[in-house]
Amino acid sequence: MTADNDGSSDNQPETLDLLSLGPSDFEAWIDTSWSCQLPDGSTTLLLKRVERLGGTQGEGGRPYAVLFEGSPDLPLTQGTYRLENPQNGALFIFLVPLAPSRSAPTYEAVFN
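Just so you know, the sequence shown maps onto residues 3 to 114 in the working numbering.
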């Protein structure tokens, strides 16, 4: 796993290179909280699970999905978000909302 320092404040986590990450990296982060940066602030997402998907292995390995839970008070739309975790770093990730939930909406990122 590699990270790039974007030259910003030392308080900012380093940005992770998604191409260097695999499902085992995300599995190590299950039940960790990630700050999701929004135009008007932030919300917290909890990394809940990693699903290894069927299909042909490509250059980056077999496809997999990462699922996050969010706050019902601030649902996210489909799009790319910057997620930050002080211990693990930061990443830009494309999230898709799954079926709506009153308790905790779920968001999916698929890697293939």
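Glycine residues also receive a C-beta, built at the ideal position from the N, C-alpha and C atoms.
{"Item": "Residue from Leu-97, Val-112, Arg-84 and Ile-95 with nearest C-alpha to Thr-39", "Value": "For the sequence presented, residue 39 should be read as Gln rather than Thr. Comparing Cα positions, the closest option is Arg-84."}
{"Item": "Given Asp-75 as reference, the closest of Arg-104, Arg-64 and Pro-99 once Cα atoms are compared", "Value": "Arg-104"}
{"Item": "Residue from Ile-95, Ala-111 and Ile-32 with nearest C-alpha to Thr-17", "Value": "Ile-95"}
{"Item": "Distance CB(Glu-29)-CB(Lys-50) smaller than 9 Å", "Value": "no"}
{"Item": "Pairwise C-alpha distance: Gly-81 and Pro-107", "Value": "15 Å"}
{"Item": "Alpha helix (DSSP H) segment containing Pro-1, residue limits", "Value": "Nothing can be reported for residue 1, as the shown portion of the chain is limited to 3 through 114."}
{"Item": "Rounded straight-line distance, which links the Cα of Arg-54 to that of Ser-44", "Value": "29 Å"}
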